[in-house]
Amino acid sequence: MPSYEETLQITTDVLVKHVELDRPIKPTDHIQNDLGLDSLGVMEVVADIEDRFQVSIPTEQLDGLATVEDVARVLMKLKV
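As structure tokens, then:
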């Protein structure tokens, strides 16, 4: 199981494929406000992350995923 730091890095790597920024993605970046993803973009990222980590993020937890680090934290809980 990847560490939190590895999970955060993998999550960031997935996000890089979906956004165009002039700077690195930070853990505190808001997925929609800072990275510019719309709701469809967020769902595409979630699908890619679920595939990459071989997990299914429950629908009720999706509302709490605002920042990059929120995603990594949920993934760590799901991998336990």
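Using this note's numbering, the first residue of the sequence shown is number 106, and each one after it goes up by one.
C-beta: ideal position from N, C-alpha, C; glycine also.
Three-state class that DSSP yields for residue i in the structure shown
i, result
"T117", "helix"
"G146", "helix"
Cβ shell of residue i (< 6 Å), same chain only, five flanking positions each side left out
i, result
"M106", "K184"
"L170", "V176"
Other residues of its chain near residue i: CB distance less than 8 Å, five sequence neighbours each side excluded
i, result
"I130", "T117, L120, V121, V124, L140 and V173"
For residue j and residue i, the rounded distance between their alpha carbons
i, j, result
"D156", "L142", "19 Å"
"I136", "M148", "11 Å"
"E165", "R178", "15 Å"
"Q159", "I115", "13 Å"
Residue i burial status per 10 Å Cβ neighbour count (16 or more: buried)
i, result
"L145", "exposed"
Neighbourhood of residue i by C-beta, 7 Å cutoff - its chain only, sequence neighbours within 5 removed
i, result
"M181", "Y109 and T112"
"D134", "L140, T172 and V173"
Sheet register partners of residue i (DSSP bridge)
i, result
"T172", "H135"
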